[in-house]
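Here's what the structure looks like:
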C-alpha cells in the first residue's frame, strides 16, 4: 500500500519464490508441464482491474463502460436514445402488462428501509428460461452467503478456474430479499468493478407467464457508506448504462424475442442508492420478452 505512517494492521506473510532458469523450459511451458498462459491471463486481469479501479475511484485515465453509449436523455417512451448495440422495438406495451408494471415499486430498499437502486428493467419469461438466457449471456449467479463464497472460491482456485460469484448485499422489494443476484466482470477486476443486478419475481403474471423485475447498477470502485462509514462499492451514476448492458447481453444470445422501453408514471430520474451514492436516469424501464 502506498501510504506513510504505521500500517493499520500487523502480521506476517509466508512467501515462496521459485526461480526458473530460462533455458530449462520453453517460452510457453513451465517445468511442471503447466502452461504459462494462466500467468499471462492473470497479469492482464490485474492490469484491467487496476485501470478500472483507478479511473472509477480517482478519475485517473478515461474509463469507458461497456454500455457507455447509454445517455441520460430526456424521458421518452420511444427507442430514439438507445445505444447502437441495443435494438429495441417501438411497439406499444400490452395494456395488461403496462398496468402491472405501473403498479411496481419504483425503487428497492435496504434492511433499514432506506430507498436505493431504481427498478430499471423487467423480464417476461419462466424462471427456467430466465436462468438459461442469463447463463447464455455469460451472467454468473452470485453466491448468497459468505461461507458459500469462501468454499466456492477455494474450489475454483484449486481447479485453476476463476471465481465469478462474489456475494452481493441483500436488498428488498415487495418486502422480501432478491430472488437471485447476477454479475458479470473480468475475473479479479470484479472485486472492484462489476456489472450486476438483482431480480425479484413480480406478484403478477402476464398471459400466464412469470414476470421478473430487476435493479441493475455498475460498480466502478469503492466509496464510503454514508450509513455507517464503512467501505462499500461505488456505482456508475449513469444507471441507464447498466440497464442497456443487460438488454444488449440478452439480445446477443438470441433468447430475447423483443425489447421495449417503457416510461412509467412518476419515473425515477435523480436519486441516491441506499449507501448514499447519487445516480440519474431517463426514468425508463427496459421490458425484455424471452423467446
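Numbering (the working numbering), first residue to last: 119 to 409.
Every residue gets a Cβ at the ideal spot worked out from N, C-alpha and C, and that includes glycine.
Taking its Cβ as the centre, do 16 or more other Cβ atoms sit within 10 Å of residue 298, making it buried, or is it exposed?
The count along the chain shown starts at 1 and reaches residue 298 at position 180. Of the other Cβ atoms in all chains shown, 16 or more fall within 10 Å of the Cβ of residue 298; this residue is therefore buried.
Kindly indicate the opening and closing residues of the beta strand (DSSP E) around residue 225.
Translated into the one-based positions of the chain shown, residue 225 becomes position 107. It spans 225 to 227 - the beta strand (DSSP E) in which residue 225 sits, taken as one unbroken run.
So residue 335 and residue 235 are in contact, right, with Cβ under 8 Å, and what is the actual spacing, rounded?
What you label residue 335 is simply residue 217 of the chain shown in a count that begins at 1. What you label residue 235 is simply residue 117 of the chain shown in a count that begins at 1. Rounded to whole angstroms, the Cβ separation of residue 335 and residue 235 is 6 Å, and the two are in contact under 8 Å.
Whole angstroms is fine: what's the gap from residue 139's alpha carbon to residue 337's?
Position 21 of the chain shown holds residue 139. Position 219 of the chain shown holds residue 337. Each residue's alpha carbon lies about 42 Å from the other.
What do you get for residue 288, buried or exposed, if any count of 16 or more other CB atoms within 10 angstroms of its CB means buried?
Translated into the one-based positions of the chain shown, residue 288 becomes position 170. By the neighbour-count definition (other C-beta atoms within 10 Å, threshold 16), residue 288 is an exposed residue.
Between the region 378 to 385 and the region 249 to 256, do at least 3 Cβ pairs fall closer than 8 Å?
The region 378 to 385, when compared against the region 249 to 256, does not touch it at the 8 Å Cβ threshold.
Can you tell me which residues form a DSSP beta bridge with residue 316?
On the chain shown, residue 316 is found 198 positions in, with the first residue counted as 1. Note: residue 316 sits in a beta bridge opposite 299, 333.
Rounded C-alpha distance that separates residue 247 from residue 405:
For this step, residue 247 is matched to residue 129 along the chain shown. For this step, residue 405 is matched to residue 287 along the chain shown. Distance from the CA atom of residue 247 to the CA atom of residue 405, rounded to whole angstroms, is 15 Å.
Residue of 231, 237, 232 minimising C-alpha distance to residue 225:
Here residue 225 corresponds to residue number 107 of the chain shown, with the count starting at 1. Of 231, 237, 232, the smallest CA-CA separation from residue 225 is found for 237.
Tell me which same chain residues have a C-beta within less than 8 Å of the C-beta of residue 365, skipping the five on either side of it?
Reading the chain shown from its first residue, position 247 is the one you call residue 365. 204, 206, 239, 374, 377, 404, 406.
Ends of the beta strand (DSSP E) at residue 396?
In the chain shown, counting from the first residue as 1, residue 396 sits at position 278. The continuous beta strand (DSSP E) containing residue 396 extends over residues 396 to 398.
Endpoints, the alpha helix (DSSP H) within which residue 249 is located:
By one-based count along the chain shown, residue 249 stands at place 131. In the DSSP annotation of this structure, the continuous segment of the alpha helix (DSSP H) that includes residue 249 starts and ends at 245 to 254.
Ordered list of beta strand (DSSP E) runs contained in the region 364 to 389, each at least 3 residues:
Uninterrupted beta strand (DSSP E) stretches at least 3 residues long and entirely within the region 364 to 389 occur at 374 to 380, given in chain order.
Quick one: Cα of residue 229 to Cα of residue 321, how far?
By 1-based counting over the chain shown, the position of residue 229 is 111. By 1-based counting over the chain shown, the position of residue 321 is 203. Near 20 Å, if we compare the C-alpha coordinates of residue 321 and residue 229.
Over what stretch of residues does the alpha helix (DSSP H) that includes residue 128 continue unbroken?
For the purposes of this step, residue 128 is taken as residue 10 along the chain shown, with counting starting at 1. From DSSP, residue 128 is part of no alpha helix (DSSP H); its letter is neither H nor E.
At which residues does the alpha helix (DSSP H) containing residue 215 begin and terminate?
Position 97 of the chain shown holds residue 215. For residue 215, the enclosing alpha helix (DSSP H) starts and ends at 213 to 220.
Three-state secondary structure assigned by DSSP to residue 361
Locating residue 361 in the chain shown gives position 243, where the first residue counts as 1. In this structure, residue 361 counts as helix in the three-state DSSP scheme.
Among 393, 387, 382, 392, nearest to residue 210 - alpha-carbon criterion
The residue given as residue 210 occupies position 92 in the chain shown. Across the set 393, 387, 382, 392, the C-alpha of 382 shows the shortest separation from the C-alpha of residue 210.
Quick one, which of 371, 354, 372 has its alpha-carbon nearest residue 390's?
As a working mapping, residue 390 is identified with position 272 in the chain shown. The option with the nearest alpha carbon to residue 390 is 354.
Have a look at 358, 394, 395 and flag the residue whose alpha-carbon is nearest the alpha-carbon of residue 332.
Counting from 1 along the chain shown, the entry for residue 332 is found at position 214. If we check each option's Cα against that of residue 332, 358 comes out closest.
Taking C-beta to C-beta, are residue 386 and residue 367 nearer than 8 Å?
The sequence position of residue 386 within the chain shown is 268, counting from 1. The sequence position of residue 367 within the chain shown is 249, counting from 1. Their beta carbons are not under 8 Å apart, which means residue 386 does not touch residue 367 by this criterion.
Which same chain residues end up closer than 6 Å to residue 392 when comparing Cβ atoms and leaving out the 5 residues on each side of it in sequence?
Counted from its first residue, the chain shown places residue 392 at position 274. Short of 6 Å from the beta carbon of residue 392, and not among the five residues preceding or following it, lie these beta carbons of its own chain, in chain order: 228, 232, 234.
Quick check on residue 139: does DSSP put it in helix, strand or coil?
For this step, residue 139 is matched to residue 21 along the chain shown. Coil.
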